[in-house]
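The sequence shown lines up with residues -12 to 297 when you count with my numbering.
Scroll down for the structure; my scribbles are underneath it.
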Amino acid sequence: MSGRQVDRRVLADVVLAAVVGALGMGVAAFDDGTDALDLTLIALASASLALHRAAPRAVLAAATLLGTAYVVHAHPGPLSALPVLGAVHTAARVGHRGLAAAASTVFLAGYVATGPGTQEVAERAGLLAGWFLCAVVTGLADRNWQAYLRQTEQRAQEAERTREEAALRRAGEERLRIARELHDSLTHSISIVKLQAGVAVHLARKRGEEVPPALLAIQEASGEAMRELRSALQVLRADEPSGSPALLVERARAAGLAVDLTVTGDERPLPRAVDGAVYRIVQEALTNAARHAGPAKITVRIDYGGCGDG
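Dropping the structure here:
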């Protein structure tokens, strides 16, 4: 929440307290029996509403005690309940339903118990009971509405994150598709050119002939092209899932598959290309097993023996 929003809320609370206080004191001024104590109680109960957002329970207690003391002392009309009604509404809105109901009961009990017992007092008490019920109900409705708005905003944010993740995933899949197509269409052809150039150079040197500069240039250029192609493929595969086969097995187990992992030989770091190939092979195998093998048990076996130093 920005500072400007906070300032506006504070100003609104102060204005609310001032309006309720002015209304209560204005009505009380027309009663013949109103004295300084009555006006003080009205002013304090109304002033407490300025803090109804910051300290709802404290304001509820203060407004209820001061308001009840006022009605016990002066037996005023229903408008004397305005400060308590405001505090009850706020308490219900922030989730203190029990406290709101208790405060309403205390005020109504004080109003009825100390009244003259006339039909007019009974009618006023019924009116006040309806007002307090409305204060509680509207407070709860406001609370539910705010919760709904928060949930709606959260869902919108989650949907936006999902769209962003889907877009990133599609971009990654497109890069992988391009990488595979490049690998299939270019690597094979360049490898053949490099191999043939190498064989030609070897045969020429074996026969004692001078190797044509163009042939050496072809051999060097094809090797450089292979290196640049590998670099380009690594960039295109930057978002490809990474990890270890053991991590894939753990994920498969978490998904409910019965998977055993057996590792033989001395584990050691592998070249990036080999490690990535092993990861993709295990990933594809587990995916196919999950789709087609049903409840059958799956065994993943990784053997480091016979791999040499590479």
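No residue lacks a Cβ here, since even glycine has one placed at the ideal position from N, Cα and C.
Because the structure is a prediction, the values reported are computed rather than measured.
- The distance from the Cβ of V7 to that of L28 is about 13 Å, inconsistent with a contact at the 8 Å cut-off.
- A184 is the residue among L190, V99, A61 and A184 whose C-alpha sits nearest the C-alpha of S209.
- For the pair A100 and A87, the CB atoms are not nearer than the 7 Å cut-off.
- In the structure shown, the three-state DSSP call for L257 is coil.
- Bounds of any beta strand (DSSP E) do not take in R44; it lies within the alpha helix (DSSP H) bounded by P43 to A61.
- Looking at T51, V246 and R156, the one whose alpha-carbon comes closest to that of A283 is V246.
- Relative to L216, the option among R167, Q133, L234 and Q141 whose CA is nearest is R167.
- Judged by DSSP in its simplified three-state form, L26 adopts helix.
- Bounds of the beta strand (DSSP E) holding V250 are V246 to T251.
- Inter-residue distance for G85 and T286 is about 59 Å (C-alpha atoms, whole angstroms).
- When the alpha-carbon of A204 is set against those of G195, R192, R194 and V188, the nearest one is in V188.
- Excluding sequence positions up to five before and after R(-4), its CB lies within less than 8 Å of the CB of R40, all in the same chain and listed in chain order.
- The alpha carbon of R238 has as its nearest neighbour, out of P258, Q270 and R214, the alpha carbon of Q270.
- Remark: C-beta atoms of A50 and P70 approach each other more closely than 7 Å.
- A Cβ-Cβ distance of about 6 Å is found for the pair S33 and G11, placing them in contact under the 8 Å criterion.
- The beta carbon of T125 sits closer than 7 Å to the beta carbons of H76 from its chain, once the five residues preceding and following it are set aside; these are given in chain order.
- Here T286 carries a strand assignment [DSSP, helix/strand/coil].
- Distance between Q133 and A146, taken at the CA atoms: about 20 Å.
- Annotated as proximal: A74 and V46, with beta-carbon spacing under 7 Å.
- Across the set A56, R214, H62 and E197, the C-alpha of A56 shows the shortest separation from the C-alpha of V93.
- In the structure shown, F17 adopts coil according to DSSP, grouped into three states.
- In this structure G292 does not touch G263 by the C-beta definition: roughly 21 Å separates them, more than the 8 Å allowed.
- As summarised for the segment 94 to 179, the continuous alpha helix (DSSP H) elements at least 4 residues long and confined to that stretch are 106 to 169, given in chain order.
- When secondary structure is reduced to three states using DSSP, H83 falls in the coil class, being assigned neither helix nor strand.
- Following the DSSP letters along the chain, one finds E197 in no alpha helix (DSSP H), marked with neither H nor E.
- Of the other Cβ atoms in all chains shown, 16 or more fall within 10 Å of the Cβ of P232; this residue is therefore buried.
- With respect to the C-alpha of I289, the residue from W118, T249 and A241 having the closest C-alpha is T249.
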